[in-house]
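Going line by line, the protein sequences match chains A and B. Okay, so the first sequence: first residue is 0 according to numbering that gives the first Met the number 0, each after it adds one. Okay, so the second sequence: first residue is 0 according to numbering that gives the first Met the number 0, each after it adds one. Where is the CB? At the ideal position from N, CA and C, for every residue including glycine.
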Amino acid sequence: MMTDLCGWGRYPRLASDLLEPRRAEEVRQVQAARTGWVARGNGRAYGDAAIGLEATIGLRALDRMRHLDEAAGTLTAEAGVTLGEVIDALLPRGWFVPAVPGTQYVTLGGMVASDVHGKNHHATGGFGAHVRALTLVLPGGEVVRCSPQEKAALFRATIGGQGLTGSITEVTFGLMRVETGWIRQRTIATPDLATTIRVLAEAEAEATYSVAWIDSVARGARLGRGAVFLGEHATRADLAELAPGTDPRPRHRPARLGMSFDLPGFTLNRLSVGAFNELYWRKAAATRGPQLSAWSSYFFPLDGITDWNRMYGPRGFVQHQCVIPAPVAQDAVAEILRRVAAAGTASFLAVLKSLAHGHGLLSFPMPGLTLALDIRMTEETPALLAGLDRLVVEAGGRLYLAKDACQSPATFEAGYPALGAFRAIRREIGAEGRVTSRLSARLGI
Amino acid sequence: MADTKTVLVLGGTSDIGRATALRYAEAGWAVQLAARDAAEGERVRADIATRTGVPVTLHRLDILDTAGFGAVLDGLPALPDTAVCVIGLLGEQARSEADPAEAARVMRSNFEGPALLLEALAARFAARGRGTLVGVSSVAGDRGRASNYVYGAAKAGLTAYLAGMRHRLARLGVTVITVKPGFVRTRMTAGMPLPGPVTAAPREVAEAIFRADARGRPRSLYVRRVWWPIMTLIRLLPEPVFLRTRL
Ligand SMILES: Cc1cc2nc3c(=O)[nH]c(=O)nc-3n(C[C@H](O)[C@H](O)[C@H](O)COP(=O)(O)OP(=O)(O)OC[C@H]3O[C@@H](n4cnc5c(N)ncnc54)[C@H](O)[C@@H]3O)c2cc1C
Ligand SMILES: NC(=O)c1ccc[n+]([C@@H]2O[C@H](COP(=O)([O-])OP(=O)(O)OC[C@H]3O[C@@H](n4cnc5c(N)ncnc54)[C@H](OP(=O)(O)O)[C@@H]3O)[C@@H](O)[C@H]2O)c1
Numbered sequence: 000m001m002t003d004l005c006g007w008g009r010y011p012r013l014a015s016d017l018l019e020p021r022r023a024e025e026v027r028q029v030q031a032a033r034t035g036w037v038a039r040g041n042g043r044a045y046g047d048a049a050i051g052l053e054a055t056i057g058l059r060a061l062d063r064m065r066h067l068d069e070a071a072g073t074l075t076a077e078a079g080v081t082l083g084e085v086i087d088a089l090l091p092r093g094w095f096v097p098a099v100p101g102t103q104y105v106t107l108g109g110m111v112a113s114d115v116h117g118k119n120h121h122a123t124g125g126f127g128a129h130v131r132a133l134t135l136v137l138p139g140g141e142v143v144r145c146s147p148q149e150k151a152a153l154f155r156a157t158i159g160g161q162g163l164t165g166s167i168t169e170v171t172f173g174l175m176r177v178e179t180g181w182i183r184q185r186t187i188a189t190p191d192l193a194t195t196i197r198v199l200a201e202a203e204a205e206a207t208y209s210v211a212w213i214d215s216v217a218r219g220a221r222l223g224r225g226a227v228f229l230g231e232h233a234t235r236a237d238l239a240e241l242a243p244g245t246d247p248r249p250r251h252r253p254a255r256l257g258m259s260f261d262l263p264g265f266t267l268n269r270l271s272v273g274a275f276n277e278l279y280w281r282k283a284a285a286t287r288g289p290q291l292s293a294w295s296s297y298f299f300p301l302d303g304i305t306d307w308n309r310m311y312g313p314r315g316f317v318q319h320q321c322v323i324p325a326p327v328a329q330d331a332v333a334e335i336l337r338r339v340a341a342a343g344t345a346s347f348l349a350v351l352k353s354l355a356h357g358h359g360l361l362s363f364p365m366p367g368l369t370l371a372l373d374i375r376m377t378e379e380t381p382a383l384l385a386g387l388d389r390l391v392v393e394a395g396g397r398l399y400l401a402k403d404a405c406q407s408p409a410t411f412e413a414g415y416p417a418l419g420a421f422r423a424i425r426r427e428i429g430a431e432g433r434v435t436s437r438l439s440a441r442l443g444i
Numbered sequence: 000m001a002d003t004k005t006v007l008v009l010g011g012t013s014d015i016g017r018a019t020a021l022r023y024a025e026a027g028w029a030v031q032l033a034a035r036d037a038a039e040g041e042r043v044r045a046d047i048a049t050r051t052g053v054p055v056t057l058h059r060l061d062i063l064d065t066a067g068f069g070a071v072l073d074g075l076p077a078l079p080d081t082a083v084c085v086i087g088l089l090g091e092q093a094r095s096e097a098d099p100a101e102a103a104r105v106m107r108s109n110f111e112g113p114a115l116l117l118e119a120l121a122a123r124f125a126a127r128g129r130g131t132l133v134g135v136s137s138v139a140g141d142r143g144r145a146s147n148y149v150y151g152a153a154k155a156g157l158t159a160y161l162a163g164m165r166h167r168l169a170r171l172g173v174t175v176i177t178v179k180p181g182f183v184r185t186r187m188t189a190g191m192p193l194p195g196p197v198t199a200a201p202r203e204v205a206e207a208i209f210r211a212d213a214r215g216r217p218r219s220l221y222v223r224r225v226w227w228p229i230m231t232l233i234r235l236l237p238e239p240v241f242l243r244t245r246l
């Protein structure tokens, strides 16, 4: 059935045949029968990564968990299981997932295909570092198992490979033990960019989780001011100290607030975002001592508002997420923030984090700082983005494919030196001309 | 745990059956799944066991093999506290009209098989003096309609059968509950245009079944309440008016 598909940013929207196999065996058949397809998980990539050139293979129906190995600390599950389902099932038994993105509504397949990073990337790596084995349906329909030991090259291409080596049907990954579902959080308000970056860097050594929110509207001496949030999994002793009597395993409550309609595009402007940011920054500055935050609001604050992506109006938005090598990061980030603030396209979300190495050939993370900005789609946006991309390339950085909708092939090639090796593997397994997303067609992968 | 309860889900590979089994497992019940497709059954079994940590067993059952029911029930590790039957077959109305064998298969899958299996369970529950039987029937059984009366008639038979069992067993300590889900977004209805406000998710049906069981009141219920006025109206439409509708 031809369907209009889009990513989380609702830009671009493109027609594709949507096929929804109900079990792994049907994935094989669909793949063998068609060309120009790519897998799709829960559609949380922002741009065109999960839209097939001709067909899109939706894998949400592969949603069965298979085995929890408590001795090894691993879970094996089909690739369409979501992160939220894993946490709901395993947190009550004292397990958590060692690398989580900013939303729980992603599938395990999507987490592998983007080698997703969390707020602890500097310490524990991305999701790819915790994957023990994958079942992959190769482009022609052959089913293979790969892991860091078996078919290691294919494994490294599939981690972060944006679905371009075939469909992942099953994932085995390592879990971590936690005593509670709470995070012991510290908040440090920072007056300017240099301080924000310094506090983040210092945090790397001591904190498990660290992330900075940036006031994207602030200019001049306040450019890059923000708040750094540090977190640790709270122990039972922490709970007893900070909030005696608290339920150690808070359950996720489904979102109450919702955006059931599109806000007109002009609602988010410098004034409204500026007012919100001012309040937010002051609240952060007034925070004293550690606080407890439930796992859902610490890791997935935006999940509390369903369909918040409609906030940017009917034309949608893009997320510009780059990573810049540490030595030149401050200058590049400052210039990006300056240009976005000057363009007046207020970004509601601006986040800065440290990253370490990624685990796959096309993984986004590399040592440095990553800045993510949401930008509403308007006539001027492509030109603004092209300018930002030039800055990123000059600084030796790259853009995150899971967020991308607009970068040029040249920007992409400059940022991903392992592209040649990735293409060679695609050729070897017969993926070329067969596994094609709108993203891979646009970038010539 | 000596007081762990057990639910038997007949048709455990359906979307509604899977959601129902998971709902009971989340409440700590041990689960017995009965299904005809062993591979799919194992997929659901492992899923529920992994998600909840409760014991889940899988049992082969073909609802058309009525002679085998005794052996299936004897093979269960324990007589369950509750049995939920979600087995059904929509079929294709036009095919059933043209092919008596197909019509018989639809009738037997929705009526004969479920009724006889629930009757066999009722005997065992009554002998124990306790137990709950839940039968998933359909609004399609409330009045025969051109678009699906072979299925509808079989469901009407099941509804009447359940009503009779409820009447007979109430004084024997066995609770019989009839559930009419209305439209549900499942494999059975995939690709059909279903009106949002009257269409439930499998999880909602599971929740309605679990709650009705917990209350323990013998009754018949619609999952979404709007179905009561809708079906009352459809049932009461005078025949001349009804004949002019396209339902
Ligand atoms: C609010 C929000 C916050 C986010 N925060 C972060 C963050 O902090 N860190 C981070 O790293 N990312 C983040 N992301 C991005 C998100 O984690 C990735 O885009 C992820 O891949 C989405 O998973 P999905 O299941 O929705 O996959 P989709 O969006 O459906 O697909 C994404 C890519 O994965 C491929 N894919 C999906 N399933 C499979 C499969 N079974 N087999 C093969 N390929 C597959 C698709 O082909 C596509 O290329 C965020 C996204 C949102 C919306
Ligand atoms: N979906 C709706 O809108 C709706 C509305 C009203 C009532 N219902 C009723 O709800 C119940 C569940 O339906 P569903 O929507 O979840 O659809 P479904 O997935 O098609 O469920 C039907 C179930 O019956 C099983 N079954 C059919 N023939 C069988 C046989 N010979 N032996 C053993 N099992 C057999 C199927 O097994 P397999 O998995 O092996 O195919 C499947 O598990 C049915 O009784 C249906 O009539 C559904």
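Do residue j and residue i count as a contact pair if the criterion is CB distance below 9 angstroms?
i	j	result
A/V26	A/S166	yes
A/R221	A/P249	no
A/L348	A/A371	yes
A/R338	A/R218	no
B/G27	B/D80	no
A/A342	A/A394	no
A/A233	A/R183	yes
B/G74	B/A119	no
B/T65	B/A29	no
A/I56	A/V85	no
A/G359	A/A70	no
A/V37	A/S436	yes
Can you find a C-beta in chain B that's less than 9 angstroms from the C-beta of residue i?
i	result
A/H66	yes
A/S15	no
A/E169	no
A/A156	no
A/R22	yes
A/M1	no
A/L74	yes
Under the assumption that residue i contacts residue j (Cβ atoms under 8 angstroms), give the Cβ distance between them as a whole number of angstroms.
i	j	result
B/I15	B/V204	5 angstroms
A/P11	A/D47	6 angstroms
A/P20	A/A60	7 angstroms
A/E169	A/L192	Actually they are not in contact, since the Cβ atoms of A/E169 and A/L192 sit about 44 angstroms apart, beyond 8 angstroms.
A/A54	A/S15	6 angstroms
A/G40	A/G127	Rounded, the Cβ-Cβ distance is 15 angstroms, inconsistent with contact.
B/A169	B/L132	With a Cβ gap of about 12 angstroms, B/A169 and B/L132 do not count as contacting.
B/A34	B/G10	7 angstroms
With 9 angstroms set as the bound, which would you pick, yes or no: does the beta-carbon of residue i sit closer than that to a beta-carbon of chain A?
i	result
B/T198	no
B/P237	no
B/G130	no
B/R202	no
B/R50	yes
B/G190	yes
B/R184	no
B/R243	no
For ligand 1, is there any heavy atom lying closer than 8 angstroms to the beta carbon of residue i?
i	result
A/K402	yes
A/V322	no
A/W7	yes
A/G101	yes
A/M310	no
A/A128	no
A/F347	no
A/V105	yes
Less than 8 angstroms separating the Cβ of residue i from some heavy atom of ligand 2?
i	result
B/G190	no
B/I47	no
B/S146	no
| Can you list, in chain order, the residues of the stretch 86-103 of chain A whose Cβ is nearer than 9 angstroms to any Cβ on chain B? | D87, A88, L89, P91 and R92
| Of the residues that make up the stretch 23-46 of chain B, which ones have a beta carbon closer than 9 angstroms to any beta carbon in chain A? | A38, E39, R42, V43, A45 and D46
| query | At a Cβ cut of 7 angstroms, what residues of the stretch 42-65 of chain A count as close to chain B, listed as they run along the chain? | reply | R63, M64 and R65
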